[in-house]
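In full-length UniProt numbering, the protein residues as written are 1 to 328. A virtual CB, placed ideally from N, CA and C, is assigned to each residue, including glycine. Some notes on the structure that comes next.
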């Protein structure tokens, strides 16, 4: 890795952060305008700082690349897009464009969110960058501007994002998302989830394309499955409000079976889901686009979530952790 560039002393500094997200219900159906239920994952975060000063031009320091923005690899194009768009919207276009005579800027990114796992890594990084840019400018960043900036980067990352990632990485609680509209939902009792990282990247664009192709070949049966995913998501709102973990878990297992049928699960994901259920989870499913990524399982307690996590690791998960969605 190249040595980290050092900003000039006394340069102004802006800071921003955002958290991960997970979809409880509604993957893939949400692409066609159906509702989805998503939660913030506060224990996984992305942080960004932008320091003004030093050599001319924009520079990045991250775990994936360190050096001038113009030399960043293709996989960082969404990040570069977020940096430039955020600086422009914050009124710091001279930094974004690297104009002659303008200050340089150093953008440092640190994230504990696994890449390409369906947890909103790219959206969270974009949100953190936007917040850092507006903090640097001393400007107010409203929710819609933040959403627009994250979506700008997400279009580069995923093609035609639904917007659920951009909304959830900025949410303070569980949300119902449909056709861009967001509403908070009530969590009647703490929801304890065991998360498992399969160790294999997922591809939202590939998974969405796969479902679209299936829908073109078998429109009636595919639409019926997507409609059922939408119904499960809608009905889960009452179960979550009632704090009914058994019902939430059962809904997750049914949703996973449908996601398997539309072709976005895998043998590895299925094995981890089965291991979680064998360990006493009331239900489990993939979360996000699928074809890799993560599994979530409903536990009865934090200790139980640890037991489920151990079972999922035995089934091939790379790592596991416990997430509690508080009552709200």
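#1: Our contact map puts residue 264 next to residue 211 with C-beta atoms below 8 angstroms; I'd like the distance itself, whole angstroms only.
#2: Please confirm whether residue 171 has its beta-carbon closer than 8 angstroms to some beta-carbon of chain D.
#3: At the level of alpha carbons, what is the spacing between residue 262 and residue 31?
#4: Mind checking which residues open and close the beta strand (DSSP E) that includes residue 172?
#5: Along the chain, which unbroken stretches of the alpha helix (DSSP H) at least 4 residues long are found entirely within the UniProt domain "GHMP kinase N-terminal" (96-165)?
#6: DSSP on residue 67, reduced to helix/strand/coil?
#7: In this structure, what does DSSP give as the bridge partners for residue 52?
#8: Helix, strand or coil: how does DSSP classify residue 318 here?
#9: If distances are taken between C-alpha atoms only, which option among 185, 198, 197 comes closest to residue 236?
#10: In terms of alpha-carbon separation, which member of 249, 170, 164, 118 lies closest to residue 141?
#11: Using the beta-carbon count (16 or more within 10 Å), is residue 3 buried or exposed?
#12: Only counting the same chain, and skipping five residues up and downstream in sequence, which positions put a Cβ closer than 7 angstroms to that of residue 254?
#13: How would you write the range of the alpha helix (DSSP H) that residue 84 sits in, first residue to last?
#14: So, for residue 19: in the same chain, excluding its five sequence neighbours on each side, which residues have a beta-carbon less than 7 angstroms away from its beta-carbon?
#15: Is it buried or exposed for residue 144, if we count other Cβ within 10 angstroms and need 16 for buried?
#16: In whole angstroms, what separates the C-alpha of residue 13 from that of residue 291?
#17: Could you give the first and the last residue of the continuous beta strand (DSSP E) run that contains residue 19?
#18: Kindly confirm or deny that the segment 216-230 and the segment 57-77 touch, where touching means at least three C-beta pairs closer than 8 angstroms.
#19: Kindly give me the distance between the Cβ atoms of residue 38 and residue 187, rounded to whole angstroms, as I take these residues to be in contact under 8 angstroms.
#20: What residues are listed by DSSP as bridge partners for residue 277?
#21: Beta-carbon separation of residue 146 and residue 133 under 8 angstroms?
#22: Only counting the same chain, and skipping five residues up and downstream in sequence, which positions put a Cβ closer than 7 angstroms to that of residue 80?
#23: Determine, using beta-carbon pairs with one atom in the segment 267-279 and one in the segment 305-312, whether at least three such pairs fall under 8 angstroms.
#24: Using the Cβ count rule (16 or more neighbours within 10 Å means buried), how would you classify residue 179?
#25: On the DSSP bridge list, what partners appear for residue 298?
Taking the coordinates as given:
#1: Residue numbering aside, residue 264 sits at position 264 when the chain shown is read from its first letter. Residue numbering aside, residue 211 sits at position 211 when the chain shown is read from its first letter. Yes, residue 264 and residue 211 are in contact; Cβ-Cβ is about 7 angstroms, under 8 angstroms.
#2: Given the protein chain composition of this structure (a single chain), no chain D is represented.
#3: As a first step, residue 262 is located in the chain shown; it is residue number 262 there, counting from the start. As a first step, residue 31 is located in the chain shown; it is residue number 31 there, counting from the start. The straight-line gap from Cα to Cα measures roughly 14 angstroms.
#4: For the purposes of this step, residue 172 is identified with residue 172 of the chain shown, where counting begins at 1. Premise fails: residue 172 is in no beta strand (DSSP E) and is neither H nor E.
#5: 121-137, 143-158
#6: The sequence position of residue 67 within the chain shown is 67, counting from 1. It is a strand residue.
#7: Numbered from its first residue, the chain shown carries residue 52 at position 52. DSSP, once it has assigned bridges, lists 105 as partnering residue 52.
#8: On the chain shown, position 318 is the one that residue 318 refers to. In the structure shown, residue 318 sits in coil (DSSP, three-state: anything other than H, G, I, E or B).
#9: Sequence index remark: in the chain shown, residue 236 carries index 236 (1-based). Of the listed residues, the one whose Cα sits closest to residue 236 is 185.
#10: Residue 141 sits at position 141 when you count from the first residue of the chain shown. Ranking the options by Cα distance to residue 141, first place goes to 170.
#11: To locate residue 3, count along the chain shown from 1; it is residue 3. The predicted model places residue 3 with a pLDDT of 34, which falls under 50 and marks its position as unreliable, so this point remains unresolved.
#12: For this step, residue 254 is matched to residue 254 along the chain shown. Excluding residues within five positions, the ones whose Cβ falls inside 7 angstroms are 232.
#13: Taking the first residue of the chain shown as 1, we reach residue 84 at position 84. Start and end: 77-89.
#14: Residue numbering aside, residue 19 sits at position 19 when the chain shown is read from its first letter. Answer for residue 19: 40, 41, 42, 44, 45, 124, 169, listed in chain order.
#15: Residue mapping note: residue 144 aligns to position 144 of the chain shown, counting from 1. That one is exposed.
#16: Taking the chain shown and counting its residues from 1, the one referred to as residue 13 is at position 13. Taking the chain shown and counting its residues from 1, the one referred to as residue 291 is at position 291. Looking at the two C-alpha atoms, the distance is approximately 39 angstroms.
#17: Counting from one through the chain shown, the residue named residue 19 turns up at place 19. Run containing residue 19: 13-25, per the beta strand (DSSP E) assignment.
#18: no
#19: By one-based count along the chain shown, residue 38 stands at place 38. By one-based count along the chain shown, residue 187 stands at place 187. Between residue 187 and residue 38 the Cβ distance is about 12 angstroms, and since that is not below 8 angstroms, they are no contact.
#20: Here residue 277 refers to the residue found at position 277 of the chain shown. According to DSSP, residue 277 bridges with nothing at all.
#21: As a position in the chain shown, residue 146 is number 146, starting the count at 1. As a position in the chain shown, residue 133 is number 133, starting the count at 1. Going by C-beta atoms, residue 146 is not nearer than 8 angstroms to residue 133.
#22: For the purposes of this step, residue 80 is identified with residue 80 of the chain shown, where counting begins at 1. Around residue 80: 69, 72.
#23: yes
#24: Against the chain shown, residue 179 aligns to sequence position 179. Exposed: under 16 other Cβ atoms inside 10 Å.
#25: Along the chain shown, one-based indexing puts residue 298 at 298. Residue 298 pairs with 193.
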